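Novice: Here it is: the structure, laid out below.
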Amino acid sequence: MKLLLLQLFSAALVPSAAVYQMVIKDIAIHSPISKRINIMTECECRAKCDMDSSCTAASYDAIADLCFMTDGGPDTVITQPLVGSVAFFKFQYVETPLEVFMAGATKNGSLARLRELCAEKNGIPLIIKTAQVKAAATQLVGGLPANLRYAWLPIRGCKEKISLCHWPDNIKVTDGVFTEQEIKRLLFDSPAASVLGSDGAILLLNEENDVNYSVLCSRNID
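The opening position of the sequence shown corresponds to residue 18 in this note's numbering, with each subsequent residue numbered one higher.
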């Protein structure tokens with residue numbers, strides 16, 4: 018009887034292949050996020066979404082062991098590039114290319130200010146999780162005047178340890194394309210903000226700065 022119950026439970030966790038119309042590698046659900054679950058395998062993530070009638074799509078981040086579920090539809094779901102992630106959809110999804118761009122210039126590197134400036138150009142503060150996005154952002158910064166080759170990023174949580182630095186979605190910066198050696202700290206007691214340099218490294222500094230830096234943003238290309 019115990020063996021039978023175990024077999025039935027295991028079978029319930031196996032997702033139905035027919036329920037997903039599309040599976041795309043190296044992208045992740047960005048928004049809207051309805052559930053964020055700590056899960057150890059892609060199969061578990063698929064099964065969770067399969068058994069949830071409100072879940073229309075999900076993505077599994079193998080590095081962070083996280084499952085992101087959405088209840089959005091074809092016109093509202095937004096994805097972002099993420100190497101090693103896989104997304105599965107219960108509808109036909111057309112992947113939208115990501116555009117990396119700069120918005121405004123400000124001495125205030127707070128997350129609220131970055132969101133405000135990016136939103137003025139229909140974007141969000143840039144999250145860098147792939148080599149392609151990192152290269153595009155570094156190239157943009159390299160095109161700035163020689164004394165201003167830095168641009169704001171939305172990295173937070175670095176006050177205690179560099180290893181705790183994370184993006185707005187709470188994914189650690191060092192879980193992606195940056196190493197701890199590429200995150201440098203200025204001589205401030207409590208760096209609360211960050212910029213990307215033209216060398217592709219991240220510099221931690223205070224939110225209030227004496228220099229106006231541009232803001233790195235992204236948006237999906239229609």
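Beta carbons: idealized from backbone N, C-alpha and C, even for Gly. Quantities reported herein were computed from a predicted structural model and do not represent experimental measurements.
Give the secondary structure of A81 by DSSP, where H, G and I count as helix, E and B as strand, and everything else as coil.
Specialist: In this structure, A81 counts as coil in the three-state DSSP scheme.
Novice: State the Cα-Cα distance for the pair N229 and R202, rounded to the nearest angstrom.
Specialist: Looking at the two C-alpha atoms, the distance is approximately 19 Å.
Novice: For G89, which residues in the same chain have their Cβ closer than 7 Å to its Cβ, ignoring the five residues on either side in sequence?
Specialist: Correct list, in chain order: P49 and T73.
Novice: Looking at the structure shown, is R132 part of a helix, part of a strand, or coil, going by DSSP?
Specialist: In this structure, R132 counts as helix in the three-state DSSP scheme.
Novice: For the candidate residues V212, V158 and K189, whose alpha-carbon lies nearest to that of N125?
Specialist: Of the candidates V212, V158 and K189, the one whose C-alpha sits nearest the C-alpha of N125 is V212.
Novice: Going by beta-carbon coordinates alone, are K138 and I145 separated by less than 7 Å?
Specialist: It is not a contact, given that the beta carbons lie outside the stated cut-off.
Novice: Thinking just about the alpha-carbon of each residue, which of A129, I80, A168 and S76 is nearest to the one in D192?
Specialist: D192 has its Cα closest to that of I80, out of A129, I80, A168 and S76.
Novice: Would you decide whether S70 is buried or exposed? Buried here means 16 or more other CB atoms lie within 10 Å of its CB.
Specialist: The residue is exposed, with fewer than 16 neighbouring Cβ atoms inside 10 Å.
Novice: Ignoring anything shorter than 4 residues or poking outside the segment 103 to 129, list the alpha helix (DSSP H) runs there in chain order.
Specialist: Taking only runs of at least 4 residues, no alpha helix (DSSP H) segment lies wholly in the segment 103 to 129.
Novice: Our contact map puts Q156 next to P98 with C-beta atoms below 8 Å; I'd like the distance itself, whole angstroms only.
Specialist: Between P98 and Q156 the Cβ distance is about 16 Å, and since that is not below 8 Å, they are no contact.
Novice: Quick check on the burial criterion: 16 or more other C-beta atoms within 10 angstroms. Buried or exposed for R53?
Specialist: The residue in question, R53, is exposed, as its Cβ has fewer than 16 Cβ neighbours within 10 Å.
Novice: Give the straight-line distance between the Cα atoms of A218 and E199, rounded to the nearest whole angstrom.
Specialist: Cα to Cα, the separation comes out at about 5 Å.
Novice: Reducing DSSP to helix, strand and coil, say where K151 ends up.
Specialist: Residue state, collapsed to three classes: helix.
Novice: Within a Cβ cutoff of 8 Å, which residues of the same chain sit near L134, ignoring the five residues on either side of it in sequence?
Specialist: Excluding sequence neighbours, L134 sits near A120, G121, T123, V232 and C234.
Novice: A104 to W184, Cα distance in whole Å?
Specialist: Approximately 20 Å between the Cα atoms of the pair.
Novice: Under the three-state reduction of DSSP, which class applies to I46: helix, strand or coil?
Specialist: Looking at I46 - three-state DSSP - the assignment turns out to be strand.
Novice: Quick one: grab the DSSP three-state call for N187.
Specialist: Note: N187 maps to coil in three-state DSSP.
Novice: Buried or exposed: which applies to S160, given that a residue is buried once 16 or more other Cβ atoms fall within 10 Å of its Cβ?
Specialist: What sits at residue 160 in the sequence shown is Gly, not Ser. It counts as exposed.
Novice: Should A168 go down as buried or exposed, given a rule of 16 or more other Cβ atoms within 10 Å for buried?
Specialist: Buried.
Novice: Below 7 Å between beta carbons: does that hold for L220 and A210?
Specialist: Not closer than 7 Å, so no.
Novice: Nearest-angstrom Cα distance between V40 and V194?
Specialist: The straight-line gap from Cα to Cα measures roughly 23 Å.
Novice: How far does the alpha helix (DSSP H) with R63 in it extend, from its first residue to its last?
Specialist: Unbroken alpha helix (DSSP H) run through R63: E59 to M68.
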